[in-house]
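Just below is one structure, and these are the notes that go with it.
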Amino acid sequence: GKPYVLPSVRTAEQKVVDAKLNKEYAGITGVPDFTKAAAELAYGADSSALSRLAITQSISGTGALRIGAEFLKRFFPGEKKIYIPTPSWANHKAVFSDAGLQVEQYRYYNRDTIGLDFEGMIADIKAAPKGSVFLFHACAHNPTGVDPTQEQWKEISAIVKASGHFSFFDMAYQGFASGSTDKDAFALRHFVAEGHDLCLAQSFAKNMGLYGERVGAFSIVANDAAEAKRVDSQIKIVVRPMYSNPPIHGARVAAEILTNPALYKQWLGEVKEMADRIITMRALLKENLEKLGSKHDWSHITSQIGMFAYTGLTPEQMDSLAKEHSVYATKDGRISVAGITSDNVGRLAEAIFKVKG
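Heads up: the sequence shown runs through residues 1 to 357, numbered per full-length UniProt numbering.
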């Protein structure tokens, strides 16, 4: 398919251009209208966190993670290590290692059930030294598409808090997972409500399609407004030698969408439409496999969420998909559901059926 620009983004961009704004530097922490709106989108407009939040615009999600990693390396009082899920986004380890943090792993994905290893995850959180840092994918876990349920998140929250751990949320897919920006922020908001120490990396690459504009934000929930002010000053010290200040155009476009009621409503509809299409493609793939007579349980295809699906295929089966059927995906069995269409889903199902049965 061709790269797609959301209609709401086209309209917002035109409004930004028509405003004939200057091209002066933003402050170190970015475009204020954007960071305020990004915080409200993530934490909720009525969140208690907003009055005690230190936030900076970042170079998309990766930049947010890097700022957070550097901040923790300098100021986190505990061990300079972070626990990430197995598996996790490929760049997580590099980003944190590059900042000087030791990267450990906790159990997350169960290859036998093609689902969440909840017991293993809980055991590893409990076993970590008190006051450790844990990275959590807020929604649409990349690469597995396997997310905890809300009840499981509540249990995770209780154990993390009892252990005195610090939570680092990575939210790259808000709205893109379930179709609801509020539902996708459940874990983050629950942790805030329960009084956790935490920080957040946000990206607007997927949910607004602003990939090349590199629009993101990093925020820390402080204990009070005075502490937030001190944290803000230290974030500026981290950012200044890194890239001085962030680009303004993409942030202005995102801010226009988030602060213009009509555009915001339109964008929410477009995000839901994108999420619903992916959910529909999952259902069609499962349905086609079952129609072909596959005896395997394909329920994981529809229970997983987000852009990616772990099929459960072996590296050898993935090789066969590529060599015999010209279906290309990663050897770990992950496919991009966003690349499935009503036109090619039948052929994909046939190819999977032929190599898997």
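Cβ atoms here follow ideal geometry from the backbone N, Cα and C, with glycine treated the same way.
Provide the residue span of the beta strand (DSSP E) that contains residue i, from first to last.
i: I220; result: 215 to 221
i: D182; result: Premise fails: D182 lies in the alpha helix (DSSP H), 181 to 184, not in any beta strand (DSSP E).
i: Q202; result: 198 to 203
i: G168; result: At residue 168 the sequence reads Phe, which differs from the Gly that was named. Note, F168: beta strand (DSSP E), 166 to 171.
By a C-beta neighbour count over all protein chains shown, 10 Å radius and 16 as the cutoff for buried, is residue i buried or exposed?
i: V337; result: buried
i: Y43; result: buried
i: Q202; result: buried
i: D184; result: buried
i: K126; result: exposed
i: T113; result: exposed
i: F169; result: buried
i: V17; result: exposed
i: N207; result: buried
i: L210; result: buried
i: residue 431; result: No answer is possible for residue 431: the residues shown for the chain start at 1 and end at 357.
i: D124; result: buried
i: R74; result: exposed
i: D117; result: buried
i: S97; result: exposed
i: V221; result: buried
i: A205; result: buried
i: V5; result: exposed
i: T144; result: buried
i: E13; result: buried
i: A39; result: buried
i: T311; result: buried
i: R111; result: exposed
i: A275; result: buried
i: A49; result: buried
i: P85; result: buried
Taking the alpha-carbon positions, what's the residue i to residue j distance?
i: I340; j: G68; result: 34 angstroms
i: H137; j: E287; result: 29 angstroms
i: T11; j: L263; result: 8 angstroms
i: I248; j: G212; result: 13 angstroms
i: H196; j: T35; result: 21 angstroms
i: K236; j: E70; result: 12 angstroms
i: L348; j: G115; result: 22 angstroms
i: A54; j: S167; result: 16 angstroms
i: I301; j: H141; result: 14 angstroms
i: E324; j: I335; result: 17 angstroms
i: V327; j: V345; result: 11 angstroms
i: A228; j: L284; result: 48 angstroms
i: R107; j: E24; result: 46 angstroms
i: T259; j: M307; result: 27 angstroms
i: R214; j: A64; result: 10 angstroms
i: S303; j: F176; result: 15 angstroms
i: T181; j: V192; result: 16 angstroms
i: P129; j: I156; result: 16 angstroms
i: L21; j: G78; result: 45 angstroms
i: S219; j: R240; result: 16 angstroms
i: L188; j: P315; result: 34 angstroms
i: W89; j: Y83; result: 13 angstroms
i: S51; j: I352; result: 51 angstroms
i: S244; j: A37; result: 22 angstroms
i: V95; j: L200; result: 15 angstroms
i: N91; j: Q266; result: 32 angstroms
i: Y173; j: L292; result: 33 angstroms
i: K15; j: D33; result: 15 angstroms
i: D232; j: Q317; result: 50 angstroms
i: R252; j: D297; result: 46 angstroms
i: A19; j: G250; result: 14 angstroms
i: M242; j: Q234; result: 13 angstroms
What is the C-beta distance between residue i and residue j, in whole angstroms, given that I count them as a contact (C-beta under 8 angstroms)?
i: A255; j: V103; result: Not really, about 34 angstroms apart at Cβ, beyond 8 angstroms.
i: L321; j: A309; result: Going by Cβ atoms, the distance from L321 to A309 rounds to 14 angstroms, so no, they are not a contact pair.
i: E290; j: P7; result: Not confirmed; about 36 angstroms, so no contact.
i: V133; j: L72; result: 6 angstroms
i: I305; j: D147; result: 5 angstroms
i: T62; j: T29; result: The Cβ separation is near 17 angstroms, so there is no contact.
i: K295; j: G333; result: The Cβ separation is near 18 angstroms, so there is no contact.
i: G100; j: G131; result: The pair is not a contact, with the Cβ atoms about 18 angstroms apart (cut-off 8 angstroms).
i: G216; j: S60; result: 4 angstroms
i: K161; j: E119; result: At roughly 19 angstroms, the Cβ-Cβ gap does not stay under 8 angstroms, so K161 and E119 are not in contact.
i: P246; j: A26; result: 6 angstroms
For the alpha helix (DSSP H) that residue i lies in, which residues bound it at each end?
i: V253; result: 249 to 259
i: A351; result: 345 to 356
i: D224; result: D224 -> no alpha helix (DSSP H), and no H or E assigned at all.
i: T11; result: 7 to 18
i: S157; result: 150 to 162
i: K36; result: 32 to 43
Counting only beta-carbon atoms, is residue i nearer than 7 angstroms to chain D?
i: P241; result: Absence of chain D from the displayed structure is noted, only one protein chain being present.
Unbroken beta strand (DSSP E) runs of length 3 or more, entirely within the stretch 55 to 142: which are they? Entirely contained in the stretch 55 to 142, the beta strand (DSSP E) runs reaching 3 residues are, in chain order, 81 to 86, 102 to 107, 133 to 137.
Residue ranges of each beta strand (DSSP E) within the stretch 266 to 336, 3 or longer: Along the length of the stretch 266 to 336, whole beta strand (DSSP E) runs at least 3 residues long occupy 308 to 310, 334 to 336, reported in chain order.
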